[in-house]
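Enquirer: One structure, as structure tokens, below. Some questions next.
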Amino acid sequence: MKTDFKFSNQLGTVYRKGNLVYTNDGTCLLSPVGNRVTVFDLVNNKSHTLPFAHRLNIARIALHPKGQLLLTIDESGRAILSHFQRRIVLYHFSLKSPVSALAFSASGKHFAVGLGRKIEVWKTPSTPGSAESATGDDSGGLEFAPFVRYRQYVSHHDTVQHIEWSSDSRFFLSASKDLTARIWSLDPEEGFMPTTLAGHRTAVYAAWFSKDQETIHTVSKDGALFQWQYLPPADVDPDDVNEQDERWRITERRYFFQDQAHLTTAAFHPASNLLVTGFSNGLFMLHELPSFSEIHKLSISASHVDTVSINQTGEWLAFGSSALGQLLVWEWQSESYILKQQGHFDSMNTLTYSPSGDRVITCADDGKIKVWDTTSGFCIVTFTEHTSGVTACEFAKRGNVLFTASLDGSVRAFDLIRYRCFRTFTAPKRLSFSSIAVDPSGEVVAAGSLDDFDVHIWSVQTGQLLDQLSGHEGPVSSLAFSAADGSLVSGSWDRTVRIWSVFGRTQTSEPLQLQADVLAVSVRPDGRQVAVSTLDGQLTFWSLSEATQQAGLDSRRDASGGRKTTDRRTAANVAGTKSFGTIAYSTDGTVLIAGGNSKYICLYAVETGVLLRKFTVSVNLSLEGTQEFLNSNLLTEAGPRGLLDEQGEASDLEDRIDKSLPGSKRGDAAQRKSAPEVRVPGIAFSPTGRAFCAASTEGLLLYSLDTGAVFDPFDLDVDVTPETTLQALRRTEWLKAMVMAFRLSDTRLVRQVYRSVAISDIRLVVRDLPQVYLERLLRFVAKEADQSPHLELNLIWLESVLSQHGRLLKEKQGDYAEVVRMVQKATARIQNEIMKVADQNTHTIDYLLAQPLNDPFSGMQLKAITTGGAEQEESDDDEEMADDDEEWIGLE
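Residues 58 to 949 (this note's numbering) make up the sequence shown, in order.
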């Protein structure tokens with residue numbers, strides 16, 4: 058089995074903190090999810106997560122105006138410059154201070170960052186393949202020190218919250234918490250002096266230029282909107298106006314009047330004069346400037362709105378709320394949602410794959426069950442029937458039925474075709490169920506509890522309780538059915554695993570004694586072996602038929618790693634506290650994957666007990682347990698600095714400082730805060746065995762053998778012309794010639810390359826063809842099969858495509874449905890024509906065989922027929938040689 062799994066996508070988390078950014082065409086939305094960036098394709102209804110990750114949560118992101126470069130900066134000021142289309146990291150750089158604002162200039166040559174109360178303007182680094190570098194030369198190559206600081210601006214007295222560039226990239230605005238906004242010039246301008254716009258009573262959140270740059274709009278935290286224009290004093294006669302008397306003055310004052318709520322975010326679209334504001338009570342408002350007429354007013358969240366963004370056309374509004382993990386895209390003209398996604402409010406507990414492998418179900422402590430589409434990355438349905446945390450879930454082997462167990466004392470069955478709960482199972486007394494298992498036929502469901510030490514069994518058809526299996530002396534932690542004989546395997550905290558003959562005449566159990574509490578059990582798909590994970594970090598393998606131990610391995614060292622802030626021991630000495638709480642066999646049963654209260658996911662070979670791969674769940678230092686070493690400088694007399702609550706219950710730092718004692722800068726040292734700990738509570742292999750998913754603190758992580766990145770690796774700055782394509786064809790570089798022909802979209806050239814590829818190399822060309830060209834190739838082959846007489850050549854191409862990319866076509870049926878139908882239509886036509894010719898030939902042969910052999914004229918007739926056929930073939934050959942449009946290619 059292949060084990061080179063790579064990170065494919067991150068689901069379950071749609072927004073964590075930071076700002077949202079639209080692409081230049083307005084069809085994709087970039088959202089920071091922890092220390093990664095997820096891209097939501099709003100038109101094709103897909104999402105993917107970029108492969109690189111920061112060391113801390115991302116605070117600010119910005120996209121280059123040309124759409125090629127993506128700049129992401131984390132909470133500590135470390136920046137990563139990546140190529141957005143190719144999804145590769147170009148440069149790493151540290152700004153040495155937390156960043157509060159970030160914006161590219163309209164020309165793309167510079168970007169400005171707010172570092173506390175100062176502003177720095179940097180040159181945009183050049184990238185390979187760019188038309189020109191930031192310095193203006195045409196090299197466009199890699200640089201040793203790409204980040205060059207252009208200028209520094211220091212006049213604000215508090216944190217800069219927003220930076221906005223003018224359309225000509227000569228000036229930019231900055232809004233600060235010091236109650237002012239300022240106008241700066243990129244380069245010294247004749248007659249221009251940096252201007253301060255003062256007048257607000259609270260912190261200025263943002264400032265924008267109008268489309269004609271004659272007006273400036275500023276908005277503050279208390280909901281005040283000021284309009285500024287460059288005017289002379291009002292009491293001066295227009296004929297006596299002097300240019301020195303003109304300055305930026307307030308012409309309009311507008312107020313939102315939101316009682317018990319303050320402004321948290323705002324965005325302005327200069328082309329349409331639309332102003333969108335979000336408030337701490339979950340309300341957002343849409344106004345048209347300069348008239349300040351209210352267009353919409355809608356509540357979208359129970360918590361405050363953290364960020365808002367407007368696409369280039371001004372039609373779609375994107376909102377993010379970090380408290381509930383919500384991400385919304387709203388079209389204000391039609392008043393409809395384009396995207397409405399929300400992750401789990403609490404941490405995930407478990408997950409499972411659907412039998413088809415295209416759905417992943419996650420359960421969490423918030424009582425919600427979410428169904429995720431692995432292809433699109435979106436949540437397609439959420440079940441809220443449970444009233445408490447959902448602890449376990451499992452699919453029936455047949456049908457689309459999902460069973461879940463919850464702490465509310467119920468086990469529920471959901472129909473994933475109609476998306477409804479059709480059965481509820483309860484125990485005679487109130488229990489909190491923690492584990493669940495479904496027999497292979499899907500007719501019996503079993504659940505274990507933490508309160509009662511019995512295993513409850515129900516009938517799915519009637520919903521009646523069939524039996525209670527007693528024998529364990531501790532809470533039942535895990536259950537699993539065997540696919541071979543239908544026996545039930547249960548693991549408990551009493552350090553035993555019991556094998557129950559549920560469908561036998563005598564419900565006896567075979568106890569298997571272990572050395573520590575059982576955390577998880579997993580039965581091999583063939584039903585002959587069970588793997589057990591215990592609290593002491595041991596993995597043991599038992600034979601179900603003989604009830605004997607076959608193998609065992611010590612995985613404590615494999616799971617150890619990472620040190621929490623409160624740990625008194627080093628990361629190398631905490632192996633005794635690490636164990637695997639979830640394990641799963643692969644589809645073929647050759648490997649076992651394990652995860653638990655560790656930052657690692659381990660992949661073991663079952664037969665040899667060798668550790669094959671070790672995946673790091675997260676490198677995010679914002680989580681507990683990801684650091685190997687702690688900084689002793691962060692240890693204070695009140696405890697580790699990371700545990701001190703510096704903000705208290707206030708939403709903003711300045712709010713907490715206002716309520717503290719005079720002169721106090723740190724606050725009450727007795728108050729504590731907690732950070733989420735990295736762990737893997739659930740893990741599962743896909744039915745195909747080519748992917749696995751893990752429920753972690755960061756979200757739902759997907760690892761796959763197929764990375765799924767669809768891009769053109771040949772999309773380089775080379776001369777792609779018909780001449781270079783023909784040269785590659787003469788050098789027998791079939792793949793390169795095929796890709797270049799597709800990029801030129803020249804049908805005649807594609808046909809020439811298509812017919813020139815050697816028969817023995819067709820399979821190799823199809824295998825290495827980038828996925829981005831797969832649809833074009835299928836479409837072209839389908840058309841050729843309808844028009845071209847080269848029957849065998851077309852069928853060889855079709856057979857190679859289906860054999861090499863059949864799995865991809867199956868997984869993405871919706872994307873390739875049209876071209877697959879074209880191929881089916883072409884092959885059906887070929888089949889019908891061949892059947893007609895075969896039937897005619899069959900009738901002719903039957904007629905000839907039916908002729909009597911003693912007829913003296915039969916030989917003459919046969920000779921005449923043969924002669925006539927030969928003459929006809931010669932005439933046909935002459936006509937075909939005269940036809941220059943189509944040339945028959947004979948295949949050996």
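Here a beta-carbon is modelled for each residue, glycine too, at the ideal position from N, C-alpha and C. Here the structure is a predicted model, which is why all the values come from computation and not from measurement.
Locate the alpha helix (DSSP H) running through Asn457, then write down its first and last residues.
Expert: Premise fails: Asn457 is in no alpha helix (DSSP H) and is neither H nor E.
Enquirer: Work out the CA separation of Glu567 and Gly548 for me, nearest whole Å.
Expert: 12 Å
Enquirer: For the putative contact between Gly653 and Ser636, defined by C-beta atoms under 8 Å, what is the C-beta separation to the nearest angstrom?
Expert: Yes, they are in contact, since the Cβ atoms of Gly653 and Ser636 sit about 5 Å apart, within 8 Å.
Enquirer: Look up Lys180 in the DSSP assignment and give the residues it is bridged to.
Expert: His167, Val205
Enquirer: Relative to the C-alpha of Ile357, which residue among Glu351, Lys427, Phe336, Phe349 is closest?
Expert: Phe336
Enquirer: So what's Gly377 in DSSP terms, helix, strand or just coil?
Expert: Gly377 falls in the strand class under three-state DSSP.
Enquirer: Measure the alpha-carbon distance for Leu408 versus Glu530 and round it to whole angstroms.
Expert: 27 Å
Enquirer: What does a CB cutoff of less than 8 Å around Gly134 pick up in its chain, not counting 5 residues either side in sequence?
Expert: Same-chain partners within the cutoff: Ser151, Leu152, Lys153, Ser154, Pro155, Val156, Leu172.
Enquirer: Rounded to whole angstroms, what is the Cα-Cα separation between Ile658 and Asp415?
Expert: Their Cα atoms are separated by approximately 22 Å.
Enquirer: My assumption, with CB atoms under 8 Å, is that Leu571 sits in contact with Asp615. Please give the rounded CB distance.
Expert: Not really, about 19 Å apart at Cβ, beyond 8 Å.
Enquirer: Our contact map puts Asp583 next to Ala540 with C-beta atoms below 8 Å; I'd like the distance itself, whole angstroms only.
Expert: 7 Å
Enquirer: Please identify the residue among Tyr287, Asp244, Gln218, Asn76 whose C-alpha is closest to the C-alpha of Ala232.
Expert: Gln218
Enquirer: Based on Cα-Cα distance, which residue from Asp763, Pro909, Val894, Arg800 lies nearest to Lys869?
Expert: Asp763
Enquirer: Report buried or exposed for Lys527, applying the criterion of at least 16 other Cβ atoms within 10 angstroms of its Cβ.
Expert: According to the sequence shown, residue 527 is Ser rather than Lys. So Ser527 counts as exposed.
Enquirer: Grab the span of the beta strand (DSSP E) containing Lys63 for me, first residue to last.
Expert: 63-68
Enquirer: Out of Gly466, Ile426, Asp524, point me to the one whose CA is closest to Cys478's CA.
Expert: Selected option, being the one with the closest Cα: Ile426.
Enquirer: For Gly69, tell me which candidate among Glu856, Ala815, Glu790, Leu757 has the shortest Cα-Cα distance.
Expert: Leu757
Enquirer: Which of the three DSSP states, helix, strand or coil, is assigned to Gly609?
Expert: strand
Enquirer: For Asp624, verify whether its CB is less than 7 Å away from any heavy atom of the ligand ZN.
Expert: With respect to the ligand ZN, the structure offers nothing, as it holds no ligand at all.
Enquirer: Given Ala798, which residues of its chain have a CB within under 6 Å of its CB, disregarding the five upstream and five downstream residues?
Expert: Only Thr782, Leu806, Val807, Val810 meet the Cβ criterion.
Enquirer: How about Pro251 and Ser212: are their beta carbons less than 8 Å apart?
Expert: yes
Enquirer: If you follow the beta strand (DSSP E) that Thr409 is in, where does it begin and where does it stop?
Expert: 405-410
Enquirer: Hey, Ala449 and Ala462 are a contact pair by Cβ (cut 8 Å); roughly how many whole angstroms apart?
Expert: The beta-carbon separation of Ala449 and Ala462, rounded to 4 Å, stays under the 8 Å limit for a contact.
Enquirer: Short check: CB of Pro485 to CB of Phe538, under 8 Å?
Expert: no
Enquirer: Give me the Cα-Cα distance between Ile493 and Ser404, rounded to the nearest whole angstrom.
Expert: 19 Å
Enquirer: Keeping to the same chain, check which residues put their C-beta closer than 6 Å to that of Ser516; ignore five residues upstream and five downstream.
Expert: The beta carbon of Ser516 sits closer than 6 Å to the beta carbons of Leu523 from its chain, once the five residues preceding and following it are set aside; these are given in chain order.
Enquirer: Can you pull the DSSP bridge partners for Met342?
Expert: DSSP links Met342 through a beta bridge to Thr334, Lys354.
Enquirer: Within a Cβ cutoff of 8 Å, which residues of the same chain sit near Thr60, ignoring the five residues on either side of it in sequence?
Expert: Val648, Leu660, Leu669, Arg670
Enquirer: Quick check: the stretch 789-798 against the stretch 816-830, are at least 3 beta-carbon pairs closer than 8 Å?
Expert: In the pairwise beta carbon analysis, the stretch 816-830 is classified as touching the stretch 789-798: at least three pairs are separated by under 8 Å.
Enquirer: Are the beta-carbon atoms belonging to Val365 and Phe349 less than 8 Å from one another?
Expert: no
Enquirer: Roughly how many angstroms lie between the CA atoms of Ala220 and Ser393, to the nearest whole one?
Expert: A quick correction: the sequence has Ile, not Ala, at residue 220. If you take the alpha carbons of Ile220 and Ser393, they lie about 30 Å apart.
Enquirer: Using 8 Å for Cβ pairs, my map puts Glu735 next to Thr683. What's the rounded Cβ distance?
Expert: It is worth fixing the name first, because residue 735 is Val in this sequence and not Glu. That pair is a contact at about 5 Å.
Enquirer: Could you check which residue in Ser162, Thr622, Tyr148 has the C-alpha nearest to that of Ser242?
Expert: Distance check between Ser242 and each of Ser162, Thr622, Tyr148 places Ser162 closest, using alpha-carbon atoms only.
Enquirer: Take the Cβ of Asp244 as the centre, count every other Cβ of all protein chains shown within 10 Å, and call the residue buried at 16 or more, exposed below.
Expert: exposed
Enquirer: Three or more beta-carbon pairs under 8 Å between the stretch 542-556 and the stretch 573-581, yes or no?
Expert: yes
Enquirer: Please list, in chain order, all residues of the same chain as Gln383 whose beta carbon is under 6 Å from its beta carbon, the five residues on each side excluded.
Expert: Ser358, Gln399
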